[in-house]
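Q: Listed in order, the protein sequences are those of chains R and Z.
Here the working numbering = 1-based position in the first sequence + 15.
Here the working numbering = 1-based position in the second sequence + 206.
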Amino acid sequence: MGNDYKALVLLAIGLAIFPWVVANPYYISVLVFVGIHALLAMGLTLLLGFAGQLSLCQAAFFGIGAYTSGVLTARFGINPWLAMGMAMGFTGGVSVLLGTPALKLRGHYLAMATLGFGEIVNIVLKEWVDLTGGPSGLTGIPRLVLAGTKFDTEVKYYFLVWPIVLAVMIFLLHLVRSRVGRALQALNRSEQAAEVMGIPVSAYKIKTFLLSAVLSSLAGSLYAHFITVISPESYSIVFSLMILVMVIVGGMGSFWGSLIGAFVMTILPEYLRMFEDWDIIIYGMILLFILMFMPKGLVFVIQSPLKKTLKRLGAISLFGR
Amino acid sequence: MDSFSQLFQLFITGVTVGSIYAMVAVGFNMIYNTTDVVNFAQGEFVMLGGLVMVSLHATFGIAMPLAFFLTVAIVTGVGIAFERLTIHPLKKPSLVTLVLITIAVSFLLRGIAMFVWGKDSHPLPAFSGEKPILLWGAAILPQTLWIVGVVLVLVFFLTYFFNFTLLGKAFRATAINKEAASLMGIDVKKVVLFSFAMSAAIGAVAGMIITPITLIEYDRGPMFGIKGFCAAILGGIGNSGGAVVAGLVIGILESFGAGLLSSGYKDAMAFLVMLLILFFRPGGLLGKYEIE
């Protein structure tokens, strides 16, 4: 935990300085997307890496969050923060309704059930034109306003999103080290053994699913208020797979991995754009390379040098202790 | 057109696409049975089959029967390379890693296909004429008969293969228990390789027979893959007979859903059916047992 906090402080300092070093709004907006993707990846890491449940509908929760926020604010004029809370509540409710039967299934069956649900959500978003605007998208989503500040520039939004990401990160780091986290790891190893030890396995699985859905919904609301126009194709199975790829590439056993995965997999497509039609091939090859040669994710490749650096920083007592 | 012939027409359309889902599902099962891996690149074999055939027949002018077998050979080669280069070299990979590798391969194949064939849809002439056969007021394309015929041949072939050949029995033994199978002298690695080869071949055939009806383009794979997977689940995963029936059921449901309810929600039908099956009958429609 000590090392985590040192790393978090370093990260926070780096993030706080960045906009002054790089004033280019394009880079800032890419980092806003990194933050939003990190929330999604952390939710799935909790579910997959700690509780061992594979979900392929994170994009659907992301979409439900974005559309609930979007529809409530753009069509019904509800306060964006209230709408965000309502979106999280609604997504949470949906996730419990889906999770209660689905989490009884294991492995591929759970993956397919969530995938099927994700596709259904995507089709509804496309077809319910009266409410969602259909394939052409939902427009006119207002900006967020807090204490008189309107979050209408990339830099302002950046300073809204990243504190949320870091707060969620701290919460999750504590959560997995608590009684709950140990229970999740136990049920990941063996549900039967966990049950015998007195852990209410299905309740824990559903609560974890709920938490990951709520985080995805939060990410979706933040996304909707940032780009202000949302359309259904951003919430398809392809994006669910992309979130999974972020988690795996970063390293699914660690929330730092989610952060790294979100960073790499958000920057990479942007960077690959200059290769135009080659991008899918290069993307596939990089993915294949990471999966085949570093299956534990990038976090394990950079962790030990990072730890050494942190230790050295600790030795000169930059952060005390 | 009276309502009976309309329903019959929808039924015919359903059987046509359903046959393709059935073949994709059979291909899924092939790999799943020997490796426990859900192959997300399964739809890509279908796409490649269609596009390679288009090139060989329409571009290079190779006669259809020869082009047919050449396409099967080429796509089978892709399946073999897929297994040899990505799955085979790994020592003790986790299941999630393997599944993600198939996702990465599907990106790669789609990217290569886009590069070679571009983003346009490609047509292929029907195997034997375009003149529809009229039956009970419904128009049946000769190509539909080809598709149904191919599925029947496939079912016959698989039944023969799994029950009466040594390799087929080795497949079944491997599916039941890998360790026991290898103790009995079965080369499990070779069986895995064969499963990828056969799965790719079945996918290629599916792609070739559907292209004259629906055209084909580089990013059609995932749709075939997901629907085929629904069929595999519905039929009880690993069960090839079930997969064929389930593929047809999904195709027919979709066709009726599109024709009678709403074409926009037709894709949702397959997934809704799959969810209901998973929640209430997880062993599949024809499954006898509960999954764990």
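Glycine included, every Cβ here is placed at the ideal spot set by N, Cα and C.
Source: prediction; values computed, not measured.
Answer with yes or no whether the minimum CB distance from residue 123 of chain R to chain Z is below 8 angstroms.
A: So, interface residue.
Q: Give the interface partners of residue 265 of chain Z over in chain R, defined as CB-CB distance under 7 angstroms, in chain order.
A: Near residue 265 of chain Z there are no residues of chain R at all, since even the closest Cβ is about 20 angstroms away, more than 7 angstroms.
Q: If we ignore side chains and look at the alpha-carbon of each, how far apart do residue 360 of chain Z and residue 121 of chain R end up?
A: So the two alpha carbons sit approximately 31 angstroms from each other.
Q: For residue 220 of chain Z, which residues from the same chain have a beta carbon less than 6 angstroms from its beta carbon, with the 5 sequence-adjacent residues on both sides left out?
A: Answer for residue 220 of chain Z: 457, 458, 461, listed in chain order.
Q: Closer than 7 angstroms between beta carbons: that is the criterion. Which residues of the segment 293-318 of chain R meet it against chain Z?
A: Taking 7 angstroms as the Cβ-Cβ cut-off against chain Z, the residues of the segment 293-318 of chain R that qualify are 295, 296, 298, 299, 300, 302, 303, 306, 307, 310.
Q: I'd like to know whether the C-beta atoms of residue 273 of chain R and residue 22 of chain R end up nearer to each other than 8 angstroms.
A: Contact: no.
Q: Output the distance between the C-alpha atoms of residue 39 of chain R and residue 203 of chain R, rounded to the nearest integer angstrom.
A: When rounded, the distance between both Cα atoms is 44 angstroms.
Q: Start and end of the alpha helix (DSSP H) containing residue 27 of chain R?
A: Segment 17-36, the alpha helix (DSSP H) holding residue 27 of chain R.
Q: Helix, strand or coil for residue 262 of chain R per DSSP?
A: Helix, per DSSP.
Q: Is residue 498 of chain Z close to chain R, meaning its C-beta is less than 8 angstroms from at least one C-beta of that chain?
A: Residue placement at residue 498 of chain Z is poorly supported in this model, since its pLDDT is 37, which falls under 50; the coordinates are not used for a value here.
Q: If the cut-off is 7 angstroms on Cβ atoms, which residues from the segment 463-478 of chain Z count as contacting chain R, listed in chain order?
A: So the close ones are 470, 471, 473, 474, 477, 478.
Q: Cβ of residue 66 of chain R within 8 angstroms of Cβ of residue 220 of chain R?
A: In contact: residue 66 of chain R and residue 220 of chain R (Cβ atoms closer than 8 angstroms).
Q: Using 10 angstroms around the beta-carbon of residue 186 of chain Z, count the other beta-carbons present and answer buried if the total reaches 16, otherwise exposed.
A: No information on residue 186 of chain Z is available, as it lies outside the stretch 207 to 498 that chain Z covers here.
Q: Less than 8 angstroms between CB atoms is the rule here; does residue 494 of chain Z satisfy it with respect to chain R?
A: Reliability fails at residue 494 of chain Z, whose pLDDT of 48 lies under 50, so the model's placement of it is uncertain and the value that follows must be treated cautiously. So no, residue 494 of chain Z is outside the interface.
Q: Using only CA atoms, which one of Z:378, Z:296, Z:244, Z:334 lies nearest to residue 308 of chain R?
A: Nearest option by C-alpha distance: Z:296.
Q: Use the C-beta contact count for residue 285 of chain R: other C-beta atoms within 10 angstroms, 16 or more gives buried, fewer gives exposed.
A: That one is exposed.
Q: Is the beta carbon of residue 243 of chain Z closer than 8 angstroms to that of residue 305 of chain Z?
A: Result yes, Cβ atoms of residue 305 of chain Z and residue 243 of chain Z sit closer than 8 angstroms.
Q: Does the beta carbon of residue 152 of chain R come closer than 8 angstroms to any beta carbon on chain Z?
A: Closer than 8 angstroms: no.
Q: Counting pairs of beta carbons, one from the segment 232-252 of chain R and one from the segment 287-302 of chain R, are three or more of them closer than 8 angstroms?
A: No: fewer than three Cβ pairs fall under 8 angstroms.
Q: Return yes when the Cβ of residue 453 of chain Z is within less than 8 angstroms of the Cβ of residue 231 of chain Z, no when it is not.
A: In contact: residue 231 of chain Z and residue 453 of chain Z (Cβ atoms closer than 8 angstroms).
Q: Can you tell me whether residue 29 of chain R is buried or exposed, with buried defined as 16 or more other CB within 10 angstroms of its CB?
A: Exposed, since its Cβ has fewer than 16 Cβ neighbours within 10 Å.
Q: Residues in the segment 63-92 of chain R with C-beta within 9 angstroms of chain Z's C-beta atoms, listed in sequence order?
A: Those would be 63, 69, in chain order.
Q: Evaluate the contact criterion for the segment 257-265 of chain R versus the segment 151-170 of chain R: three or more CB pairs, one atom per stretch, below 8 angstroms.
A: Not touching, per the Cβ criterion.
Q: Residue 241 of chain Z: which of Z:303, Z:430, Z:332 sits nearest, CA to CA?
A: Nearest of Z:303, Z:430, Z:332 to residue 241 of chain Z, Cα basis: Z:303.
Q: Buried or exposed: where does residue 36 of chain R fall if 16 or more other Cβ atoms within 10 Å of its Cβ makes it buried?
A: So residue 36 of chain R counts as exposed.
Q: In the DSSP assignment, what are the bridge partners of residue 161 of chain R?
A: In DSSP, residue 161 of chain R forms a bridge with R:164.
Q: For chain R, is any of its Cβ atoms less than 8 angstroms away from the one on residue 288 of chain Z?
A: Judged by the 8 angstroms Cβ criterion, residue 288 of chain Z is not in contact with chain R.
Q: Shortest alpha-carbon distance to residue 175 of chain R belongs to which of R:159, R:187, R:188?
A: Cα-wise, what sits closest to residue 175 of chain R is R:159.
Q: Comparing alpha-carbon positions, which option in R:303, R:316, R:199 lies nearest residue 265 of chain R?
A: Nearest C-alpha to residue 265 of chain R: R:316.
Q: Which residues in the same chain as residue 350 of chain Z place their Cβ atom closer than 8 angstroms to its Cβ, once the five residues preceding and following it in sequence are excluded?
A: For residue 350 of chain Z, where only same-chain residues beyond five positions count, the Cβ hits under 8 angstroms are 218, 221, 222, 419.
Q: From which residue to which residue does the beta strand (DSSP E) around residue 506 of chain Z run?
A: Nothing about residue 506 of chain Z can be read from this structure; chain Z reaches only from 207 to 498.
Q: Could you give the distance in angstroms between the alpha-carbon of residue 439 of chain Z and the alpha-carbon of residue 248 of chain Z?
A: Cα to Cα, residue 439 of chain Z sits roughly 15 angstroms from residue 248 of chain Z.
Q: Runs of 4 residues minimum, wholly inside the segment 284-367 of chain Z: which ones carry the alpha helix (DSSP H) assignment?
A: Correct list: 301-323.
Q: With which residues is residue 153 of chain R paired in a DSSP beta bridge?
A: DSSP lists R:245 as partners of residue 153 of chain R.
Q: Excluding the 5 residues flanking residue 332 of chain R on each side, which residues of the same chain have their C-beta closer than 8 angstroms to its C-beta?
A: Its pLDDT being 45, under 50, residue 332 of chain R is placed unreliably in this model, and the value from its coordinates should be taken loosely. Taken in chain order, the list of residues that qualify is empty.
Q: Which chain Z residues sit within Cβ distance under 7 angstroms of residue 23 of chain R?
A: Correct list: empty, because the minimum Cβ distance to chain Z is about 28 angstroms.
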